Amino acid sequence: MHATEAVEPHLSLLCSKGLALTGVLVPLATGGRGTVTGELADSRSLQQLRKDEATIRQVFNARYRAIDVFDPAAREVEIAKRTELLCAIYRLYGTSRNLTPPELRRELQGFEVEALMSVLQRLLFAGFRSLESLVDHCEHCAAADDDLLAHVMDPLLLRYLLTLSTPGLEHSIANLSLEPLEKACRVCDRSAIRAWFQRLLADSASVPLDAPQRLRALLFELWRAGVGDLGMLAHEIAVVDVALFDEMGWENTRLFCAQLRRITGPRSEALDAFLSDEDIDGALTAAEELRQEELVAHFRRLATRYDTKLHRDVRRSIFVTANLLKRRSA
């Protein structure tokens, strides 16, 4: 399935009621020919493709339901919005699928599709105007990523969606250079990390809305390099996100950190506080399907010993800190 084929105009994605149609992914995977050849001739690949489509369709239709707008113009606008969103989902799915060998592919889980839809909506709310540009960014980044386990554990490329920022934030945010922050993170200087973020939020009104995206990109870089105080950096990024977007911001950073934790297992334990029970269960299910025995054993142990109080306490601390900073800068 080629990612660009998900936007071919000759394929209708929605019915007249604005609900996702069945039988769309196989034509997309065969270039609209309607015949199954090559890899898709394998019954397992075809069966998995159909199951994934059913998962996407069920989640999409459960969230949006049938359109009950009678005004033709308003109905057309709603259909267009839904079509754009479904195209984005299929393109992201197709991109990741193409980069994953058939023997490593696993079935999509419903909560992964729900998370993707929520992230796309939050990014639009935060000022990103085009779903197409978001997906283009993810396709470009994913093509240069040879981490197969990352593609398998993050099949809808959330790690790239949550690290895209607008041009101009490459080296600084609100006139604060990112270089001192990166250095402080690499040497695990917690006081310097905290001081940098305090300066950033001294005037929260001057902080650009996509600052959390750029900061998550820094976290992503350090995570990939396997260095730095990831837990401290993630905590401070969450404070910025909550200061700007409240609950929506918390969920963006929480989800991003949970994705990194799912991918690397024991190598990212500093991010444990951002996990939910559902994240752990989902990671265990994926590891079992992939027969990754080391990850299976790790997530089983984590499920047994994980205390949700850690998650609640960190969340409470982040919200308290963010609200105090907002009041001081008001």
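FYI, the numbering for the sequence shown is 201 to 530, going by our numbering.
Backbone N, C-alpha and C define an ideal beta-carbon position, used for all residues, glycine too.
The structure displayed is predicted, hence computed values, not measured ones.
For H340, the uninterrupted alpha helix (DSSP H) segment begins and ends at L331 to A343. Rounded to the nearest whole angstrom, the CA to CA distance from V335 to T464 is 24 Å. Under DSSP, I373 forms a beta bridge with L376.
Contact check between the region 374–387 and the region 358–366: fewer than three CB pairs, one atom from each, fall below 8 Å, which does not count as touching. The count of Cβ pairs closer than 8 Å, one atom from the region 491–504 and one from the region 423–440, stays below three, leaving the stretches out of contact.
Sixteen is the threshold: when 16 or more other Cβ atoms of the shown chains lie within 10 Å of the Cβ of H351, as they do, the residue is buried. Look at L422 here: in three-state DSSP terms it is helix.
The C-alpha of V313 is placed about 6 Å away from the C-alpha of I256. Remark: fewer than three beta-carbon pairs, one from each stretch, lie closer than 8 Å, so the region 473–481 and the region 338–349 are not flagged as touching.
With 16 or more other Cβ atoms inside 10 Å of its own Cβ, R305 counts as buried. If you ignore the 5 residues before and after E284, its C-beta comes within less than 6 Å of the C-beta of L331, all in its own chain and listed in chain order.
Your pair L525 and S404 checks out as a contact, with CB atoms roughly 6 Å apart and the cut at 8 Å. Ranked by Cα distance from L415, the first of G431, R386, I373 and E276 is I373. When the five nearest sequence neighbours on each side are left out, the beta carbons in the same chain lying within less than 7 Å of the beta carbon of L378 are those of H371, S372 and L418, in order along the chain.
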